[in-house]
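Residues in the sequence shown are numbered from 145 upward in steps of one, following the working numbering. Yeah, the Cβ is synthetic: ideal placement off N, Cα and C, and Gly gets one too. Structure record follows, encoded as structure tokens.
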Amino acid sequence: MLRLHLGSADLCRVRFGARLHPVGTALLAGQWLRDPTVAMMAPALAERAAAVESTGTAQAATAILRHLLPARGRLPDFVTPFDGVESLTAGLEAIQATPARRVRDEVVASYGDVAATPLRRRFAAADPEVLDLFGGAVRTWFDAVLAPHWSELVSAYRQQVTCASRQLAQHGLAGLFAGLHPAIRWREPVLEIQTWWDGDLPGTGHGLLLLPSPLAGPRPRVLAEPGRPILLVYPSAMPARPATADRDALGRLLGVTRALVLCRLAAEGGLTTTVLSRAVGISLSSASEHASALRATGLVVSEREGGAVRHHLTTLGANLLRGLSDDPPATCPPPCRSAGWPSGLP
């Protein structure tokens, strides 16, 4: 159990990451998808990983990553850096820029239960050639496995942030922390986290950065560096794809365009009229008209945010999508305890 002692300066700076980190997500997913009991949470990704990792360059990349990184547990912090969130290339550059001493200390700590090999020794020594090899393997694996699903992962992230932000607005920090994940518990002023290491950790005074991820694994991850906010990556449910509106009963019931509007709101977790019009490919006035019609039937609720109006799927709308599709809609899920996550942490 990690006990995170948060001061007032940290609690005043609790916020969510601006976006998913491509490199960090790839490395967590590469480790996470090795566990068949956990990979069941994202069967499409697991199947793709199994397919592309059995042949060609992706197979070689997988072998390198599996050899250099532990199969489970805590990863070296430098491979999931704070910097480089804007692109895969930027993330790999942040890894390459890690001081050799830090690489050595973190790799050695993570290798406690694995046998030493020449390649692992060179990795621990921050050998530039091996770091290049590692970066190339990450890029190959990302392109083959995650890139085809990246838009879905981004939508899932936005949805989780929208839901959690609403929880914060309605119930405060205590309510937010209570709904993040069963392995996270708030005992003011301590945030207790069942992660891969035990101990007490003071806040940095720079806040707490929350990052929900359907590929974090079975336990939350914590990254703490001096002068930065503490990063808490916690598991979130992988939503199912909403049904395609022009090929199912939803399109026949509501009309294709209106059904697409409803599905986009389900996938994104709430959109302004302007963003909704762009997402569906219709005019601003048409988006407003469709949102109004859906609101009148109780499928959508709208709220004003400054000069904009943001539209959200209602429970009735979610139930409609659920009833007309074989899979549940990609809408705000319940807390992870009831969203399909295993009750026991391995």
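How far does the alpha helix (DSSP H) with E250 in it reach, from first residue to last?
Position 106 of the sequence shown, counted from the start, is the residue given in the question as residue 250. 244 to 254 is the extent of the alpha helix (DSSP H) around E250.
Is G319 helix, strand or coil by DSSP?
In the sequence shown, residue 319 corresponds to position 175, counting from 1. Three-state DSSP puts G319 in a helix.
Return the first residue and the last residue of the alpha helix (DSSP H) that D276 is part of.
Residue 276 sits at position 132 when you count from the first residue of the sequence shown. Taken as a continuous stretch (DSSP letters only), the alpha helix (DSSP H) holding D276 covers 272 to 285.
Close-in-space but distant-in-sequence residues of the same chain around L275 (CB under 6 Å, 5 per side omitted)
Locating residue 275 in the sequence shown gives position 131, where the first residue counts as 1. Correct list, in chain order: Q240.
How about V444 and H434: are their beta carbons less than 7 Å apart?
Within the sequence shown, numbered from 1, the residue matching residue 444 stands at position 300. Within the sequence shown, numbered from 1, the residue matching residue 434 stands at position 290. Not in contact: V444 and H434 (Cβ atoms no closer than 7 Å).
Whether G228 touches A244 by CB criterion (7 Å):
Taking the first residue of the sequence shown as position 1, residue 228 is located at position 84. Taking the first residue of the sequence shown as position 1, residue 244 is located at position 100. Going by C-beta atoms, G228 is not nearer than 7 Å to A244.
Three-state class that DSSP yields for I239 in the structure shown
Position 95 of the sequence shown holds residue 239. In the structure shown, I239 sits in a helix (DSSP, three-state: H, G or I).
Determine the contact status of Q338 and A327, defining contact as a CB-CB distance below 7 Å.
As a first step, residue 338 must be located in the sequence shown, where it is residue number 194. As a first step, residue 327 must be located in the sequence shown, where it is residue number 183. Yes, the pair counts as a contact, with Cβ atoms nearer than the cut-off.
Strictly by DSSP, which residues pair up with G343?
Mapped onto the sequence shown, residue 343 falls at position 199. The partner list for G343 (beta bridge, DSSP) reads L146.
Return the chain-ordered ranges of every alpha helix (DSSP H) run that is complete within the region 390 to 431 and spans a minimum of 4 residues.
393 to 398, 400 to 412, 417 to 424
In the DSSP assignment, find the alpha helix (DSSP H) that holds S446 and state where it starts and stops.
Here residue 446 refers to the residue found at position 302 when the sequence shown is read from its first residue. From DSSP, S446 is part of no alpha helix (DSSP H) but of the beta strand (DSSP E) over 444 to 449.
Best match in A410, H165, R422, S430 for proximity to N463 [C-alpha to C-alpha]
Reading the sequence shown from its first residue, position 319 is the one you call residue 463. The option with the nearest alpha carbon to N463 is A410.
Could you check whether L335 and L155 sit closer than 7 Å to each other, using their CB atoms as the reference points?
On the sequence shown, residue 155 is found 11 positions in, with the first residue counted as 1. On the sequence shown, residue 335 is found 191 positions in, with the first residue counted as 1. It is not a contact, given that the beta carbons lie outside the stated cut-off.
Using a threshold of 7 Å, state whether the C-beta atoms of F267 and T242 are closer than that.
Along the sequence shown, one-based indexing puts residue 267 at 123. Along the sequence shown, one-based indexing puts residue 242 at 98. No; because the gap between Cβ atoms is not below 7 Å, this pair is not in contact.
Using only alpha-carbon positions, find the residue among G151, P166, L172, L209 that is nearest to L366.
Translated into the one-based positions of the sequence shown, residue 366 becomes position 222. Looking at the sequence provided, one finds Val at residue 366 rather than Leu. Checked all of G151, P166, L172, L209; the closest Cα to V366 is L172.
Residues in its own chain within less than 7 Å of T201 by CB, not counting five upstream and five downstream?
To locate residue 201, count along the sequence shown from 1; it is residue 57. Within the same chain, T201 has close Cβ partners T284.
Of the choices P262, F286, L209, G235, whose alpha-carbon is the least far from that of L189?
Start at 1 with the first residue of the sequence shown, and residue 189 comes out as number 45. Among P262, F286, L209, G235, the Cα nearest to that of L189 belongs to F286.
Tell me the DSSP secondary structure of V258 in three-state form.
On the sequence shown, residue 258 is found 114 positions in, with the first residue counted as 1. Coil at V258, not helix or strand.
Which partner residues does E336 have in the DSSP bridge list?
Numbered from its first residue, the sequence shown carries residue 336 at position 192. The partner list for E336 (beta bridge, DSSP) reads R147, R329.
Can you have a look at R331 and say buried or exposed, based on whether 16 or more other CB atoms are within 10 angstroms of its CB?
Here the question's residue 331 lines up with position 187 in the sequence shown. Exposed, by the Cβ-count rule.
State the DSSP-derived secondary structure class of P492, mapped to helix, strand or coil.
An answer regarding residue 492 cannot be provided, because it is not within the stretch 145 to 490 covered by the chain.
Would DSSP call A162 helix, strand or coil?
By one-based count along the sequence shown, residue 162 stands at place 18. Residue state, collapsed to three classes: coil.
Whose C-beta lies closer than 8 Å to the C-beta of H293 among residues of the same chain, with five residues either side of it excluded?
On the sequence shown, residue 293 is found 149 positions in, with the first residue counted as 1. So the list reads A188, L189, R192, once near-sequence residues are dropped.
Local conformation of R302 per DSSP, three classes:
Start at 1 with the first residue of the sequence shown, and residue 302 comes out as number 158. The answer is helix: DSSP assigns R302 an H, G or I state.
Tell me whether W176 is buried or exposed, calling it buried when 16 or more other Cβ atoms sit within 10 Å of its Cβ.
Stepping through the sequence shown from its first residue, residue 176 is reached at position 32. It is buried - the Cβ of W176 has at least 16 other Cβ atoms within 10 Å.
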